[in-house]
Amino acid sequence: MIKIILISFLSFSCIFANSTQDLLQKASVAPISPNADTIIINAKPSTYYEPTSKGGYLGLSVGLIFTGSLLAAGLLYLMPESVTKWNKAEAGDLFTKWKTKTRKGPVVDNDELWLNYIAHPYFGALFYLQPRTAGFSWESSVMFSFLASTFFWEYGIEGFAEVPSWQDIIITPAIGSILGEGFYRLIRYIQMNNNELFGQWWLGKTMIWILDPLGSLIYSTGLGELFGIYNKNNPKSPEIISTPILPNGKGGVSLNLIIRF
4 MIKIILISFL
14 SFSCIFANST
24 QDLLQKASVA
34 PISPNADTII
44 INAKPSTYYE
54 PTSKGGYLGL
64 SVGLIFTGSL
74 LAAGLLYLMP
84 ESVTKWNKAE
94 AGDLFTKWKT
104 KTRKGPVVDN
114 DELWLNYIAH
124 PYFGALFYLQ
134 PRTAGFSWES
144 SVMFSFLAST
154 FFWEYGIEGF
164 AEVPSWQDII
174 ITPAIGSILG
184 EGFYRLIRYI
194 QMNNNELFGQ
204 WWLGKTMIWI
214 LDPLGSLIYS
224 TGLGELFGIY
234 NKNNPKSPEI
244 ISTPILPNGK
254 GGVSLNLIIR
264 F
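In this text, residue positions in the sequence shown follow my numbering: the first is 4, and each later residue adds one.
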């Protein structure tokens, strides 16, 4: 069942990849048709997000990952032990238990299927998306996903609660990277389509937030700009809107220019 889902998702991603290339070509050559009332000069076509600083974007993402992982660990701790398989009684002496548990692993765990094959791959996709969106290659993004999911999460935060597992070490970065590349292509497609999905702006923006909440937090809320990270494909250049030259009723003509920043 999982293989069928992955194959279908990859086929779906390829369709979006081809559509993205078409949108790139159209955006670069499509002329602007002025109407009878106004003429817009220097209009900017829809395009995907590309940060001005690869290292700055990834560094900010890592900070968000660290904060988000701590919150996720806290949420998992509040869930029943029957779901997480975490032994809360051993949470007192954290560092001693961490050494003991990490030295025992990795083992084959008995976690619920949705944790191993849905939740963990999703977080693996989030790890993958951060360097990929920053501008790094897919190979580097796969390596980042592996390092983050294995050493930061499995042998790091989760190591305080349970013995590291083979499923999480393998499945999280492997399936997560495949999903992450699909997410990456779908996000670009939506962004280049005026953030619309099936003609609906709200659906497109919602989908982007679901696929990459960390990235959305950076480039949709102004957080990235707060840290000096901008979209190089959408520079802060002004739009100049010109009205037609019309008689002003005083023997002359008038021309109005509106500069929108």
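Note that CB positions come from ideal geometry on N, CA and C, so glycine has one too.
For residue i, the three-state DSSP class (helix, strand or coil)
{"i": "S148", "result": "helix"}
{"i": "V86", "result": "helix"}
{"i": "S56", "result": "coil"}
{"i": "K253", "result": "coil"}
{"i": "V110", "result": "strand"}
{"i": "P37", "result": "Bear in mind that a pLDDT of 48 at P37, under 50, signals an unreliable position, so the number given afterwards is only what the model happens to contain. Coil, per DSSP."}
Classification of residue i by the beta-carbon crowding that lies within 10 angstroms, buried from 16 upward
{"i": "T175", "result": "buried"}
{"i": "P250", "result": "exposed"}
{"i": "R191", "result": "buried"}
{"i": "V110", "result": "exposed"}
{"i": "I213", "result": "exposed"}
{"i": "G77", "result": "exposed"}
{"i": "I221", "result": "buried"}
{"i": "R106", "result": "exposed"}
{"i": "G66", "result": "exposed"}
{"i": "G58", "result": "exposed"}
{"i": "L189", "result": "buried"}
{"i": "F154", "result": "exposed"}
Alpha-carbon to alpha-carbon, residue j and residue i
{"i": "F126", "j": "L79", "result": "14 Å"}
{"i": "K230", "j": "G218", "result": "Checking the sequence, you will find Phe at residue 230 rather than Lys. One C-alpha to the other measures close to 14 Å."}
{"i": "K253", "j": "W204", "result": "46 Å"}
{"i": "E199", "j": "W156", "result": "34 Å"}
{"i": "T149", "j": "D171", "result": "For clarity, residue 149 is Phe in the given sequence; the question names Thr instead. The alpha-carbon atoms of F149 and D171 are separated by roughly 10 Å."}
{"i": "L132", "j": "K104", "result": "30 Å"}
{"i": "A210", "j": "G225", "result": "It is Met, not Ala, that sits at residue 210 in the sequence shown. The alpha-carbon atoms of M210 and G225 are separated by roughly 19 Å."}
{"i": "M195", "j": "G202", "result": "12 Å"}
{"i": "Y3", "j": "I121", "result": "Lying outside 4 to 264, the shown extent of the chain, residue 3 is not represented and no answer is given."}
For the structure I just gave you, are there three or more beta carbon pairs, one from the segment 73–88 and one from the segment 129–141, closer than 8 Å? no
Unbroken alpha helix (DSSP H) runs of length 4 or more, entirely within the segment 119–179: which are they? 123–137, 141–150
Evaluate contact between the segment 154–173 and the segment 100–114, counting only Cβ atoms and requiring at least three cross-stretch pairs below 8 Å. yes
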